[in-house]
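S.K.:
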Amino acid sequence: GESERILNLELDFDRDFVLSYLADSEIKTRIKEVRSFYQEMLKDALNRLMKNSLINEVRGQKKAEADIESIKTFETNLKELLLSPPAGMKPTLGIDPGFRTGCKVVVLDETGKFLKYQAIFPHKSVAEKQQASTTMKQLIQKYKIELIAIGNGTAGRETDEFMTEVISTLDKKPIKVIVNESGASIYSASKVAIEEFPDLDITVRGAISIGRRLQDPLAELVKIDPKSIGVGQYQHDVDQKLLKKKLDETVESCVNYVGVDLNTASKELLIFVSGMSSTVAKNLVKYRNENGAFKNRQEILKVSKLGGKTFELCAGFLRIRSGENPLDNTAVHPESYSVVENIAQDLVVSINQINQISNRVKSLDLKKYVTDKIGEPTLKDIISELEKPGRDPRAEFKYATFREGIKEIKDLEVGMELEGIVTNVANFGAFVDVGVHQDGLVHISQLADYFVKDPKQVVKVGQVVKVRVLEINEKLKRIGLSMRK
Numbered sequence: 013g014e015s016e017r018i019l020n021l022e023l024d025f026d027r028d029f030v031l032s033y034l035a036d037s038e039i040k041t042r043i044k045e046v047r048s049f050y051q052e053m054l055k056d057a058l059n060r061l062m063k064n065s066l067i068n069e070v071r072g073q074k075k076a077e078a079d080i081e082s083i084k085t086f087e088t089n090l091k092e093l094l095l096s097p098p099a100g101m102k103p104t105l106g107i108d109p110g111f112r113t114g115c116k117v118v119v120l121d122e123t124g125k126f127l128k129y130q131a132i133f134p135h136k137s138v139a140e141k142q143q144a145s146t147t148m149k150q151l152i153q154k155y156k157i158e159l160i161a162i163g164n165g166t167a168g169r170e171t172d173e174f175m176t177e178v179i180s181t182l183d184k185k186p187i188k189v190i191v192n193e194s195g196a197s198i199y200s201a202s203k204v205a206i207e208e209f210p211d212l213d214i215t216v217r218g219a220i221s222i223g224r225r226l227q228d229p230l231a232e233l234v235k236i237d238p239k240s241i242g243v244g245q246y247q248h249d250v251d252q253k254l255l256k257k258k259l260d261e262t263v264e265s266c267v268n269y270v271g272v273d274l275n276t277a278s279k280e281l282l283i284f285v286s287g288m289s290s291t292v293a294k295n296l297v298k299y300r301n302e303n304g305a306f307k308n309r310q311e312i313l314k315v316s317k318l319g320g321k322t323f324e325l326c327a328g329f330l331r332i333r334s335g336e337n338p339l340d341n342t343a344v345h346p347e348s349y350s351v352v353e354n355i356a357q358d359l360v361v362s363i364n365q366i367n368q369i370s371n372r373v374k375s376l377d378l379k380k381y382v383t384d385k386i387g388e389p390t391l392k393d394i395i396s397e398l399e400k401p402g403r404d405p406r407a408e409f410k411y412a413t414f415r416e417g418i419k420e421i422k423d424l425e426v427g428m429e430l431e432g433i434v435t436n437v438a439n440f441g442a443f444v445d446v447g448v449h450q451d452g453l454v455h456i457s458q459l460a461d462y463f464v465k466d467p468k469q470v471v472k473v474g475q476v477v478k479v480r481v482l483e484i485n486e487k488l489k490r491i492g493l494s495m496r497k
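Count along the sequence shown from 1, add 12, and you get the number used in this note's numbering.
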């Protein structure tokens with residue numbers, strides 16, 4: 013508000029108290045005339061010299077505290093968004109909706125590879141809608157589509173209803189989900205997108221991003237500047253250097269927590285793997301393109317500029333599905349393979365029967381496998397990892413079903429109960445997308461039937477919630493919602 017010259021912020025304080033404190037602290041004489049002179053001098057010093065400095069110092073301290081709190085909120089929201097459950101690596105249609113220019117439809121295979129682009133115009137004439145319906149059925153059947161991702165921007169709800177009609181005529185029905193497209197337009201015009209798809213139109217790149225977000229949110233969202241994703245709070249007013257540092261740390265933490273598929277990961281995703289530099293990530297992708305899929309983790313040592321130290325740092329976070337060694341699809345680091353092999357040998361079990369190792373290991377004394385490099389806590393982590401090799405630590409995929417017939421604010425009525433998705437969490441409440449192109453606010457006082465101190469303890473970004481409409485201001489585009497029963 014201040015920067016826009018709308019608000020004027022002043023810091024007020026009890027000047028008499030400050031002057032009295034300074035006088036008691038600094039004036040030692042009891043001579044009335046001298047004491048009076050010093051008091052006038054202190055008063056002048058406070059008003060003319062010290063006041064602005066003190067105010068600036070206090071404001072600086074409070075601004076720093078506010079920055080830290082705001083950045084913490086951004087970190088939490090970003091983490092929840094990046095760790096959103098993936099719908100899975102399945103053949104997918106990505107749709108960037110539109111009225112006048114039509115809907116941009118792309119076909120992606122189960123790895124997210126772009127296969128085909130098609131424009132359809134379901135929101136114009138009856139004939140064009142029929143043609144669009146026929147086209148979509150053909151694409152779904154030809155490419156055995158299992159997922160359909162529809163952007164939540166302009167014409168999103170109308171396209172959603174159109175696709176509901178299309179799917180209703182099919183025997184095998186794909187899952188249809190409306191996807192938050194925040195930042196997709198920024199990605200589609202970015203250097204990263206241009207390098208990946210130099211010959212495609214900007215809107216087609218956007219549709220690809222929407223489709224991939226449904227397949228694996230983390231792998232796609234790392235390509236976008238976190239500040240453009242729309243989950244921040246006062247992000248442009250805080251310390252930008254500190255903000256970037258904390259957000260980069262959050263992205264890196266999420267990527268390493270989930271792990272990365274070595275044979276499908278993009279350069280942008282690999283950059284965030286522990287120990288991986290931009291150059292090494294680029295070289296790794298180049299090696300993979302030239303030599304085919306990696307068969308084991310040791311093979312990455314052949315990549316230019318990827319030495320022993322980098323291997324030590326990154327290997328445990330890289331996964332190889334259907335590789336030569338089943339341990340390559342776990343979080344077990346290669347330096348611990350020998351321990352797992354010894355355990356398997358003692359159990360008379362093949363290393364390929366990982367599940368049997370975890371089931372029968374309770375009969376062994378783990379202490380006998382402790383080494384200088386691998387302690388008992390690490391051994392317990394290894395056994396825990398072997399219980400579900402290749403598991404994805406993210407939650408089970410769920411999606412919201414928006415209410416039919418509700419496309420705009422004018423369609424809402426006070427008292428309506430709706431399903432929505434939390435798009436942002438702030439200190440004062442949560443914003444929820446209910447499918448009307450304008451997020452509603454669940455104020456902190458309406459989040460639960462009990463006192464809520466911190467909204468982040470009740471809701472998180474990406475969570476599917478049930479809300480009730482409290483108030484509607486169509487002119488100001490404001491929607492008040494409640495989660496209270």
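Yeah, the Cβ is synthetic: ideal placement off N, Cα and C, and Gly gets one too. Since we're looking at a predicted model, the values are computed, not measured.
Please tell me whether Ile220 and Val292 are closer than 8 Å, where the distance is taken between their beta carbons.
M.R.: Taking the first residue of the sequence shown as 1, we reach residue 220 at position 208. Taking the first residue of the sequence shown as 1, we reach residue 292 at position 280. No. Outside cutoff.
S.K.: Would you be able to state if there are at least three C-beta pairs under 8 Å between the segment 307–323 and the segment 340–355?
M.R.: yes
S.K.: Give the single residue among Ala407, Val446, Pro401, Ser197 whose Cα lies nearest to the Cα of Ile418.
M.R.: On the sequence shown, residue 418 is found 406 positions in, with the first residue counted as 1. Checking every option, the nearest Cα to that of Ile418 belongs to Val446.
S.K.: Can you tell me the Cβ-Cβ gap for Ser82 and Tyr246, rounded? I've got them flagged as a contact below 8 Å.
M.R.: Working through the sequence shown from its first residue, we reach residue 82 at position 70. Working through the sequence shown from its first residue, we reach residue 246 at position 234. With a contact defined as Cβ atoms closer than 8 Å, Ser82 and Tyr246 qualify at about 5 Å.
S.K.: Does the pairing of the segment 230–246 with the segment 89–102 give three or more beta-carbon distances under 8 Å?
M.R.: Cβ pair count under 8 Å is three or more, so yes.
S.K.: Going by the CB atoms, is the gap between Thr276 and Thr123 shorter than 8 Å?
M.R.: Position 111 of the sequence shown, counting from 1, holds the residue named residue 123. Position 264 of the sequence shown, counting from 1, holds the residue named residue 276. For Thr123 and Thr276, yes; Cβs fall inside 8 Å.
S.K.: For Ala144, collect the residues of the same chain with a Cβ closer than 7 Å to its Cβ; drop the 5 residues on either side in sequence, then sort them by chain order.
M.R.: Against the sequence shown, residue 144 aligns to sequence position 132. Excluding positions up to five away in sequence, the list reads Ile132, Phe133, Pro134.
S.K.: When DSSP builds the beta bridges, which residues end up paired with Gln357?
M.R.: For the purposes of this step, residue 357 is identified with residue 345 of the sequence shown, where counting begins at 1. Beta bridge pairing from DSSP links Gln357 with no other residue.
S.K.: In three-state terms, what does DSSP make of Leu318?
M.R.: Locating residue 318 in the sequence shown gives position 306, where the first residue counts as 1. Of the three classes helix, strand and coil, the one that applies to Leu318 here is coil, per DSSP.
S.K.: Taking DSSP as the reference, what is the three-state secondary structure of Tyr129?
M.R.: Locating residue 129 in the sequence shown gives position 117, where the first residue counts as 1. Correct three-state label for Tyr129: strand.
S.K.: Taking all protein chains shown into account, do 16 or more other C-beta atoms lie within 10 angstroms of the C-beta of Phe463, making it buried, or fewer, making it exposed?
M.R.: Along the sequence shown, read from residue 1 onward, the residue named residue 463 stands at position 451. Exposed: under 16 other Cβ atoms inside 10 Å.
S.K.: Where does Asn64 fall in DSSP's three states?
M.R.: The sequence position of residue 64 within the sequence shown is 52, counting from 1. Looking at Asn64 - three-state DSSP - the assignment turns out to be helix.
S.K.: Cutting at 6 Å between CB atoms, please list the residues of its own chain near Glu399, excluding the five before and the five after it.
M.R.: Start at 1 with the first residue of the sequence shown, and residue 399 comes out as number 387. Same-chain partners within the cutoff: Ser370.
S.K.: Nearest to Glu208 by alpha carbon, out of Gly223, Ser194, Pro186, Lys235?
M.R.: Within the sequence shown, residue 208 is the residue found at index 196, counting from 1. Nearest of Gly223, Ser194, Pro186, Lys235 to Glu208, Cα basis: Lys235.
S.K.: Looking only at its own chain, which residues have a Cβ that is under 8 Å from the Cβ of Ala460, when we skip the five neighbours before and after it?
M.R.: Locating residue 460 in the sequence shown gives position 448, counting from the first residue. Taken in chain order, the residues that qualify are Val470, Met495, Arg496.
S.K.: So, is Glu193 buried or exposed, given that buried needs 16 or more other C-beta atoms within 10 angstroms?
M.R.: The residue you call residue 193 lines up with position 181 of the sequence shown. By the 10 Å Cβ count, Glu193 comes out buried.
S.K.: Taking Cβ positions, are Asp108 and Lys102 nearer each other than 8 Å?
M.R.: Along the sequence shown, one-based indexing puts residue 108 at 96. Along the sequence shown, one-based indexing puts residue 102 at 90. Not a contact, by the Cβ cut-off of 8 Å.
S.K.: Smallest Cα separation from Leu482: which of Leu430, Asp249, Lys410, Gly72?
M.R.: Here the question's residue 482 lines up with position 470 in the sequence shown. If we check each option's Cα against that of Leu482, Leu430 comes out closest.
S.K.: Of the residues Glu38, Asn64, Ser48, Lys44, which one's Cα is nearest the Cα of Leu23?
M.R.: Working through the sequence shown from its first residue, we reach residue 23 at position 11. Of Glu38, Asn64, Ser48, Lys44, the residue nearest in Cα terms is Asn64.
S.K.: How many whole angstroms separate the CB atoms of Val270 and Arg403, which I take to be in contact at a CB cut-off of 8 Å?
M.R.: Here residue 270 refers to the residue found at position 258 of the sequence shown. Here residue 403 refers to the residue found at position 391 of the sequence shown. Wrong, their Cβ atoms sit about 10 Å apart, outside the cutoff.
S.K.: Do Arg225 and Ala167 count as a contact pair if the criterion is CB distance below 8 Å?
M.R.: Position 155 of the sequence shown holds residue 167. Position 213 of the sequence shown holds residue 225. For Ala167 and Arg225, no; Cβs fall outside 8 Å.
S.K.: Mapping DSSP to helix, strand and coil, what is Arg372?
M.R.: For the purposes of this step, residue 372 is identified with residue 360 of the sequence shown, where counting begins at 1. Helix.
S.K.: Which of the three DSSP states, helix, strand or coil, is assigned to Arg490?
M.R.: Here residue 490 refers to the residue found at position 478 of the sequence shown. If DSSP states are grouped into helix, strand and coil, Arg490 belongs with the strands.
S.K.: Rounded to whole angstroms, what's the CA-CA distance from Ile355 to Arg331? Just pull it up for me.
M.R.: Working through the sequence shown from its first residue, we reach residue 355 at position 343. Working through the sequence shown from its first residue, we reach residue 331 at position 319. Roughly 22 Å separates the two Cα atoms.
S.K.: Quick one: residues in its chain with C-beta nearer than 6 Å to the C-beta of Tyr299, no 5 flanking neighbours on either side, listed in chain order?
M.R.: Position 287 of the sequence shown, counting from 1, holds the residue named residue 299. So the list reads Val315, once near-sequence residues are dropped.
S.K.: I think His455 touches Phe440, with their Cβ atoms under 8 Å apart; what is that distance to the nearest whole Å?
M.R.: As a working mapping, residue 455 is identified with position 443 in the sequence shown. As a working mapping, residue 440 is identified with position 428 in the sequence shown. Contact flag correct, Cβ pair sits at about 7 Å.
S.K.: Do you know offhand how far Leu488's Cα is from Lys184's?
M.R.: Residue mapping note: residue 488 aligns to position 476 of the sequence shown, counting from 1. Residue mapping note: residue 184 aligns to position 172 of the sequence shown, counting from 1. Rounded to the nearest angstrom, the two C-alpha atoms are 43 Å apart.
S.K.: So, are the CB atoms of Val476 and Thr85 less than 8 Å apart?
M.R.: By 1-based counting over the sequence shown, the position of residue 476 is 464. By 1-based counting over the sequence shown, the position of residue 85 is 73. For Val476 and Thr85, no; Cβs fall outside 8 Å.
S.K.: Could you give the distance in angstroms between the alpha-carbon of Ile152 and the alpha-carbon of Leu127?
M.R.: For the purposes of this step, residue 152 is identified with residue 140 of the sequence shown, where counting begins at 1. For the purposes of this step, residue 127 is identified with residue 115 of the sequence shown, where counting begins at 1. The straight-line gap from Cα to Cα measures roughly 13 Å.
S.K.: Indicate the three-state DSSP secondary structure (helix, strand or coil) for Arg19 in the structure shown.
M.R.: Counting from one through the sequence shown, the residue named residue 19 turns up at place 7. Note on identity: in this sequence residue 19 is Leu, with Arg being the wrong assignment. In the three-state reduction of the DSSP assignment, Leu19 falls in the coil class.
S.K.: Using the beta-carbon count (16 or more within 10 Å), is Leu61 buried or exposed?
M.R.: What you label residue 61 is simply residue 49 of the sequence shown in a count that begins at 1. Exposed is the call here.
S.K.: Can you grab the Cα-Cα spacing for the pair Ser350 / Cys266, in whole Å?
M.R.: Within the sequence shown, the letter at position 338 stands for residue 350. Within the sequence shown, the letter at position 254 stands for residue 266. Cα to Cα, Ser350 sits roughly 28 Å from Cys266.
S.K.: Should Leu259 and Val272 be called a contact, given that it needs their Cβ atoms to be closer than 8 Å?
M.R.: Taking the sequence shown and counting its residues from 1, one reaches residue 259 at position 247. Taking the sequence shown and counting its residues from 1, one reaches residue 272 at position 260. Taking 8 Å as the Cβ cut-off, Leu259 and Val272 do not qualify as a contacting pair.
S.K.: Tell me the rounded alpha-carbon separation between Glu324 and Val373.
M.R.: Residue numbering aside, residue 324 sits at position 312 when the sequence shown is read from its first letter. Residue numbering aside, residue 373 sits at position 361 when the sequence shown is read from its first letter. Cα to Cα, the separation comes out at about 27 Å.
S.K.: Is Val243 closer than 8 Å to Leu493 when the C-beta atoms are compared?
M.R.: Residue 493 sits at position 481 when you count from the first residue of the sequence shown. Residue 243 sits at position 231 when you count from the first residue of the sequence shown. Going by C-beta atoms, Leu493 is not nearer than 8 Å to Val243.
S.K.: CA-CA distance, Lys239 and Ala327?
M.R.: By one-based count along the sequence shown, residue 239 stands at place 227. By one-based count along the sequence shown, residue 327 stands at place 315. Whole-angstrom Cα-Cα distance: 30 Å.
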